[in-house]
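Undergrad: Chains as they are written, first to last, in the numbering used here: chain A, 1 to 257; chain B, 258 to 514; chain C, 515 to 771.
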Amino acid sequence: MTETKSTAPVRVIEETSAYWRVVARMDASPSLCVVVFESANPDFYLAHFDLTGKTGNIMTAVGASGLPILMDTFVRLTKSPVVSIAKIRGCVRGVSSEFVLACDMRFASRENTRLGQPEVGVGLHPGGGGTERLPHLVGRGRALEIVLGANDFDGDTAELYGYVNRALPDAELDSFVDALARRIASFDRGAIAAAKNLVNQVSLPSADRLLDAFTSFGNTLTWPEAQQRIQALLDRGLQREVDFETWWPAVLDTLLE
Amino acid sequence: MTETKSTAPVRVIEETSAYWRVVARMDASPSLCVVVFESANPDFYLAHFDLTGKTGNIMTAVGASGLPILMDTFVRLTKSPVVSIAKIRGCVRGVSSEFVLACDMRFASRENTRLGQPEVGVGLHPGGGGTERLPHLVGRGRALEIVLGANDFDGDTAELYGYVNRALPDAELDSFVDALARRIASFDRGAIAAAKNLVNQVSLPSADRLLDAFTSFGNTLTWPEAQQRIQALLDRGLQREVDFETWWPAVLDTLLE
Amino acid sequence: MTETKSTAPVRVIEETSAYWRVVARMDASPSLCVVVFESANPDFYLAHFDLTGKTGNIMTAVGASGLPILMDTFVRLTKSPVVSIAKIRGCVRGVSSEFVLACDMRFASRENTRLGQPEVGVGLHPGGGGTERLPHLVGRGRALEIVLGANDFDGDTAELYGYVNRALPDAELDSFVDALARRIASFDRGAIAAAKNLVNQVSLPSADRLLDAFTSFGNTLTWPEAQQRIQALLDRGLQREVDFETWWPAVLDTLLE
Numbered sequence: 001m002t003e004t005k006s007t008a009p010v011r012v013i014e015e016t017s018a019y020w021r022v023v024a025r026m027d028a029s030p031s032l033c034v035v036v037f038e039s040a041n042p043d044f045y046l047a048h049f050d051l052t053g054k055t056g057n058i059m060t061a062v063g064a065s066g067l068p069i070l071m072d073t074f075v076r077l078t079k080s081p082v083v084s085i086a087k088i089r090g091c092v093r094g095v096s097s098e099f100v101l102a103c104d105m106r107f108a109s110r111e112n113t114r115l116g117q118p119e120v121g122v123g124l125h126p127g128g129g130g131t132e133r134l135p136h137l138v139g140r141g142r143a144l145e146i147v148l149g150a151n152d153f154d155g156d157t158a159e160l161y162g163y164v165n166r167a168l169p170d171a172e173l174d175s176f177v178d179a180l181a182r183r184i185a186s187f188d189r190g191a192i193a194a195a196k197n198l199v200n201q202v203s204l205p206s207a208d209r210l211l212d213a214f215t216s217f218g219n220t221l222t223w224p225e226a227q228q229r230i231q232a233l234l235d236r237g238l239q240r241e242v243d244f245e246t247w248w249p250a251v252l253d254t255l256l257e
Numbered sequence: 258m259t260e261t262k263s264t265a266p267v268r269v270i271e272e273t274s275a276y277w278r279v280v281a282r283m284d285a286s287p288s289l290c291v292v293v294f295e296s297a298n299p300d301f302y303l304a305h306f307d308l309t310g311k312t313g314n315i316m317t318a319v320g321a322s323g324l325p326i327l328m329d330t331f332v333r334l335t336k337s338p339v340v341s342i343a344k345i346r347g348c349v350r351g352v353s354s355e356f357v358l359a360c361d362m363r364f365a366s367r368e369n370t371r372l373g374q375p376e377v378g379v380g381l382h383p384g385g386g387g388t389e390r391l392p393h394l395v396g397r398g399r400a401l402e403i404v405l406g407a408n409d410f411d412g413d414t415a416e417l418y419g420y421v422n423r424a425l426p427d428a429e430l431d432s433f434v435d436a437l438a439r440r441i442a443s444f445d446r447g448a449i450a451a452a453k454n455l456v457n458q459v460s461l462p463s464a465d466r467l468l469d470a471f472t473s474f475g476n477t478l479t480w481p482e483a484q485q486r487i488q489a490l491l492d493r494g495l496q497r498e499v500d501f502e503t504w505w506p507a508v509l510d511t512l513l514e
Numbered sequence: 515m516t517e518t519k520s521t522a523p524v525r526v527i528e529e530t531s532a533y534w535r536v537v538a539r540m541d542a543s544p545s546l547c548v549v550v551f552e553s554a555n556p557d558f559y560l561a562h563f564d565l566t567g568k569t570g571n572i573m574t575a576v577g578a579s580g581l582p583i584l585m586d587t588f589v590r591l592t593k594s595p596v597v598s599i600a601k602i603r604g605c606v607r608g609v610s611s612e613f614v615l616a617c618d619m620r621f622a623s624r625e626n627t628r629l630g631q632p633e634v635g636v637g638l639h640p641g642g643g644g645t646e647r648l649p650h651l652v653g654r655g656r657a658l659e660i661v662l663g664a665n666d667f668d669g670d671t672a673e674l675y676g677y678v679n680r681a682l683p684d685a686e687l688d689s690f691v692d693a694l695a696r697r698i699a700s701f702d703r704g705a706i707a708a709a710k711n712l713v714n715q716v717s718l719p720s721a722d723r724l725l726d727a728f729t730s731f732g733n734t735l736t737w738p739e740a741q742q743r744i745q746a747l748l749d750r751g752l753q754r755e756v757d758f759e760t761w762w763p764a765v766l767d768t769l770l771e
């Protein structure tokens, strides 16, 4: 019932095969009801997009649905009959934030959560559904603050905004999520799938909107302004120094000084 | 201005004539501005769907709009020029939760509220608008937690999620709702109706979506898995023992053990 | 980066030239990234619609988009590549509430905020986007409470409801908003504009809906019931006495007694 993902501190999302394999396994299992995504490293939940240019096939590969592989994977996660729960500790930024936004539910450590969409501070913008899923969850004003402010959000603020379902004291997070996951897993798979499908009908963004964001994100990667900011971040230690990787959004407003 | 509904503990919604009569009276009154729905029994606000099979005409009767009678009633409540306020104390589950979701506003006792959609834990799913109205109110993640977790929500959590407008200390609930209802009732009925209509244009689910959920709910009632869970609940005392009726969602994850 | 607007206590919105000029200047500046709207008077942020009949050209003038000038201005504000932040202290009611709802973000003084849509209590209804923008931000139930209850909301409740992004202690409001505005202003203008445009695609109301509300508002202004309530408010001191202007929504439920 539980998928554990180990994430080394400075490891980044170079390609989507890890995501893709998990979702493919989810859909292939006839008895699986619930998947909980957690990290073996309490400081880093899942890494952001690779900014060194080693993006592998992430911008070009196409999934079974005909959509780009990253979108295809996230969309399949949202439509899967299997329920996905993100149990969040540590840093969850950029495409990782978009991964948890594609999960069915999000529960965060009150003391240990750094959740955000820092792309705009790097001269880019979210391209994996953040700009499409956040407004429905938190409203336009808070979505614009998250996306344009490019800051980290702690557990309490993420809960207040509806970015996560709720923040729990770190010591209670595991037992809460475990009880909820086991509870749902005890229910009838057909009833779960039918209910989730009905909610999806009135709450998922359209593929058109997701594609627009993905295509526009691809463009921003080529902008000189973005390249300059990315280089400044790499020079300061991004994807190389664990300490900097922990708090780098804090320097985004002085990046070019 | 105030409609008081008395609900015996283990009485269930067998047919919709009570609902229907109230809404018909609301629409027929040329001077009525506000209706407050409260329960004379502080432990039970309104009962869930009858699970003994005595569903009367609820799945087959058709209302004035051509929609099934339950949907027709809830939809008329949302579109009525009369403002509806649910003042919530005690257990409010399943179709009762969907009734308060069809009301214009919801205020809950902070200490004494057990609000939820337990259908999925019974092998069914919400069929009276819960899956359509909750995502707009609380966002997709919290809607899926409410619907798939099939748990009770207390006043504080319901307020945090936006499931209710706000939770108030039980001792202040009556005076707060009374003041708000009398305030609105002092305003011009034409201005109220015009304003509610404008809000409705951007916030009500479509009849297509509501019909899909209702039809799918009818199907789940025939599923053997649902029948098995329903029988287990009836064996344990559902709709028979007041004590069990108070906390039965707590056993849903061990129902078939 | 910061626009300061001084608003005399009993000064009201007679015409939209002030709004219009600011938005025109925003769009004309090739380097401007962020505008913060604040009031030099801590008791009044911005005034409500003129109720003495001196509405100037506000109901008849047409903006560059072909929409009525007030709508045109608010719509341009939402679609501008420049980011708008409302820093709220004091009274913000009616069309002023609709102005801050058209801003990209809203931050309010916890101790000193009186935010609301009192129109229905005057026999009118919001006509500048309130009924269209609030349901997306706060959900249908809370939107109906705000619009039909016609009451003031303090900082804490506005934050709980999502009416504002967050409420901050008054002593921290300036430094918080200043830091956020300077942070965003340090980012690339193209990235900001692209990200805001993506969020807008899934969060802005349609022009059709906004026009319906504006047209209906124009009708309510001619209703005898509204004229009677407006006269009663003017007799009591509206737009004339600073003290009454501070708390007038409190008397709306006894206006005709």
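Backbone N, C-alpha and C define an ideal beta-carbon position, used for all residues, glycine too.
Please state if the CB of F364 (chain B) and the CB of V540 (chain B) are separated by a distance shorter than 7 Å.
TA: The question about residue 540 (chain B) has no answer, for chain B in this structure spans 258 to 514.
Undergrad: According to DSSP, simplified to helix, strand and coil, what is L425 (chain B)?
TA: What you label residue 425 (chain B) is simply residue 168 of the second sequence in a count that begins at 1. Three-state DSSP puts L425 (chain B) in a strand.
Undergrad: Give a yes or no on whether 7 Å exceeds the smallest Cβ distance from E355 (chain B) to chain A.
TA: Reading the second sequence from its first residue, position 98 is the one you call residue 355 (chain B). No, E355 (chain B) lies away from the interface with chain A (no Cβ there is under 7 Å from its Cβ).
Undergrad: Apart from the five residues just before and just after L495 (chain B), which ones in its own chain have a Cβ nearer than 7 Å to its Cβ?
TA: Reading the second sequence from its first residue, position 238 is the one you call residue 495 (chain B). These residues qualify, in order along the chain: L308, F501, E502, W505.
Undergrad: Using beta-carbon positions only, say whether F667 (chain C) and L629 (chain C) come within less than 7 Å of one another.
TA: On the third sequence, position 153 is the one that residue 667 (chain C) refers to. On the third sequence, position 115 is the one that residue 629 (chain C) refers to. Yes, the Cβ-Cβ distance between F667 (chain C) and L629 (chain C) is below 7 Å.
Undergrad: With DSSP as the reference, please indicate the residues paired to H325 (chain B) in a beta bridge.
TA: Your numbering for residue 325 (chain B) matches position 68 in the second sequence. First, the amino acid is wrong: residue 325 (chain B) is Pro here, not His. Looking at the DSSP assignment, P325 (chain B) forms a beta bridge with B:V319.
Undergrad: Check whether the segment 64-77 of chain A touches the segment 141-158 of chain A, counting contact only when three or more Cβ pairs, one atom from each stretch, lie closer than 8 Å.
TA: no
Undergrad: Bridge partners for C91 (chain A) per DSSP, in chain order?
TA: In the first sequence, counting from the first residue as 1, residue 91 (chain A) sits at position 91. Partner(s): A:F44, A:R114.
Undergrad: Give the C-beta separation of G129 (chain A) and P81 (chain A) to the nearest angstrom, bearing in mind that I take them to be a contact with Cβ-Cβ under 8 Å.
TA: Start at 1 with the first residue of the first sequence, and residue 129 (chain A) comes out as number 129. Start at 1 with the first residue of the first sequence, and residue 81 (chain A) comes out as number 81. Not really, about 20 Å apart at Cβ, beyond 8 Å.
Undergrad: At 8 Å on the CB atoms, spell out the chain A contacts of A400 (chain B), in chain order.
TA: By 1-based counting over the second sequence, the position of residue 400 (chain B) is 143. V199, S203, listed in chain order.
Undergrad: If you count every other CB in all the chains shown that lies within 10 Å of the CB of E738 (chain C), and 16 or more means buried, which is it?
TA: Counting from one through the third sequence, the residue named residue 738 (chain C) turns up at place 224. Contrary to the premise, residue 738 (chain C) reads as Pro rather than Glu in this sequence. Flag for P738 (chain C) reads exposed.
Undergrad: Are the segment 676-692 of chain C and the segment 532-543 of chain C touching, with three or more C-beta to C-beta distances below 8 Å?
TA: no
Undergrad: Can you list the residues of chain B that V83 (chain A) reaches, using a CB-CB cut of under 9 Å?
TA: For the purposes of this step, residue 83 (chain A) is identified with residue 83 of the first sequence, where counting begins at 1. Neighbours of V83 (chain A) on chain B, chain order: L401, L405.
Undergrad: Starting from P544 (chain C), trace the alpha helix (DSSP H) in both directions and tell me its first and last residue.
TA: Mapped onto the third sequence, residue 544 (chain C) falls at position 30. No alpha helix (DSSP H) holds P544 (chain C); DSSP gives it neither H nor E.
Undergrad: Since I believe Q488 (chain B) is in contact with L513 (chain B) (beta carbons under 8 Å), could you give me their beta-carbon distance rounded to a whole number of angstroms?
TA: Taking the first residue of the second sequence as 1, we reach residue 513 (chain B) at position 256. Taking the first residue of the second sequence as 1, we reach residue 488 (chain B) at position 231. Wrong, their Cβ atoms sit about 10 Å apart, outside the cutoff.
Undergrad: For I184 (chain A), which residues from the same chain have a beta carbon less than 8 Å from its beta carbon, with the 5 sequence-adjacent residues on both sides left out?
TA: Stepping through the first sequence from its first residue, residue 184 (chain A) is reached at position 184. The beta carbon of I184 (chain A) is closer than 8 Å to those of C33, V34, V83, I192 in its chain, skipping five residues each way along the sequence.
Undergrad: Which whole runs of the beta strand (DSSP E) in the segment 668-756 of chain C are 3 residues long or more, in chain order?
TA: 680-682
Undergrad: Please report the straight-line C-alpha distance between S96 (chain A) and A213 (chain A), rounded to a whole angstrom.
TA: Counting from 1 along the first sequence, the entry for residue 96 (chain A) is found at position 96. Counting from 1 along the first sequence, the entry for residue 213 (chain A) is found at position 213. One C-alpha to the other measures close to 16 Å.
Undergrad: Given a threshold of 16 other Cβ atoms within 10 Å of its Cβ, counted over all protein chains shown, does G320 (chain B) qualify as buried or as exposed?
TA: Counted from its first residue, the second sequence places residue 320 (chain B) at position 63. Burial call: buried.
Undergrad: For S96 (chain A), which residues does DSSP report across the bridge?
TA: Taking the first residue of the first sequence as position 1, residue 96 (chain A) is located at position 96. Paired residues: none, contrary to the question.
Undergrad: At least one CB of chain C closer than 7 Å to the CB of E260 (chain B): is that the case?
TA: Your numbering for residue 260 (chain B) matches position 3 in the second sequence. Confidence is the limiting factor: at E260 (chain B) the pLDDT is only 40, short of 50, which leaves the residue's position unreliable, though a coordinate-based value still follows. So, not an interface residue.
Undergrad: Give me the Cα-Cα distance between G604 (chain C) and T335 (chain B), rounded to the nearest whole angstrom.
TA: Residue mapping note: residue 604 (chain C) aligns to position 90 of the third sequence, counting from 1. Residue mapping note: residue 335 (chain B) aligns to position 78 of the second sequence, counting from 1. Each residue's alpha carbon lies about 34 Å from the other.
Undergrad: Measure from the C-beta of I602 (chain C) to each C-beta in chain A and report whether the shortest distance is under 7 Å.
TA: As a first step, residue 602 (chain C) must be located in the third sequence, where it is residue number 88. For I602 (chain C), no CB of chain A lies under 7 Å from its own CB, so it is not counted at the interface with that chain.
Undergrad: Looking at chain A, which residues of the segment 665-696 of chain C have a Cβ within less than 8 Å of any of its Cβ atoms?
TA: E673, G676, V678, N679, R680, L694, R696
Undergrad: With distances taken Cα to Cα, identify the nearest neighbour of F44 (chain A) among A:D253, A:S109, A:G218.
TA: By 1-based counting over the first sequence, the position of residue 44 (chain A) is 44. Of the listed residues, the one whose Cα sits closest to F44 (chain A) is A:S109.
Undergrad: Go ahead and pull the three-state DSSP assignment for A102 (chain A).
TA: Reading the first sequence from its first residue, position 102 is the one you call residue 102 (chain A). Here A102 (chain A) sits in helix by DSSP.
Undergrad: Would you check if the distance between the CB atom of H639 (chain C) and the CB atom of A452 (chain B) is smaller than 7 Å?
TA: By one-based count along the third sequence, residue 639 (chain C) stands at place 125. By one-based count along the second sequence, residue 452 (chain B) stands at place 195. Result yes, Cβ atoms of H639 (chain C) and A452 (chain B) sit closer than 7 Å.
Undergrad: Among the residues of its own chain, which have a CB less than 6 Å from the CB of G384 (chain B), if the five just before and after it don't count?
TA: Numbered from its first residue, the second sequence carries residue 384 (chain B) at position 127. Cβ within range, chain order: A470, F471, F474.
Undergrad: If we define contact as Cβ-Cβ less than 7 Å, is D253 (chain A) a contact residue for chain C?
TA: Locating residue 253 (chain A) in the first sequence gives position 253, counting from the first residue. By this cut-off, D253 (chain A) is an interface position.
Undergrad: With 16 other CB atoms within 10 Å as the buried threshold, where does P544 (chain C) fall?
TA: Along the third sequence, one-based indexing puts residue 544 (chain C) at 30. Exposed, because fewer than 16 other Cβ atoms sit within 10 Å of the Cβ of P544 (chain C).
Undergrad: Count the other CB atoms, across all protein chains shown, that sit within 10 Å of the CB of R142 (chain A); report buried if there are 16 or more and exposed otherwise.
TA: Taking the first sequence and counting its residues from 1, the one referred to as residue 142 (chain A) is at position 142. Buried, because 16 or more other Cβ atoms sit within 10 Å of the Cβ of R142 (chain A).
Undergrad: Let me check understanding here. Comparing Cα to Cα, which of A:V242, A:V122, A:R166, A:D174 lies closest to G149 (chain A)?
TA: Within the first sequence, numbered from 1, the residue matching residue 149 (chain A) stands at position 149. If we check each option's Cα against that of G149 (chain A), A:V122 comes out closest.
Undergrad: So, using beta-carbon positions, are G162 (chain A) and G396 (chain B) closer together than 7 Å?
TA: Residue mapping note: residue 162 (chain A) aligns to position 162 of the first sequence, counting from 1. Residue mapping note: residue 396 (chain B) aligns to position 139 of the second sequence, counting from 1. Contact flag set, yes.
Undergrad: How far does the alpha helix (DSSP H) with E257 (chain A) in it extend, from its first residue to its last?
TA: To locate residue 257 (chain A), count along the first sequence from 1; it is residue 257. Looking at the DSSP string, E257 (chain A) is not in any alpha helix (DSSP H), and its letter there is neither H nor E.
Undergrad: Check W761 (chain C) in the structure and name its three-state DSSP category.
TA: Here residue 761 (chain C) is taken as the residue at index 247 of the third sequence, counted from 1. Three-state DSSP puts W761 (chain C) in a helix.
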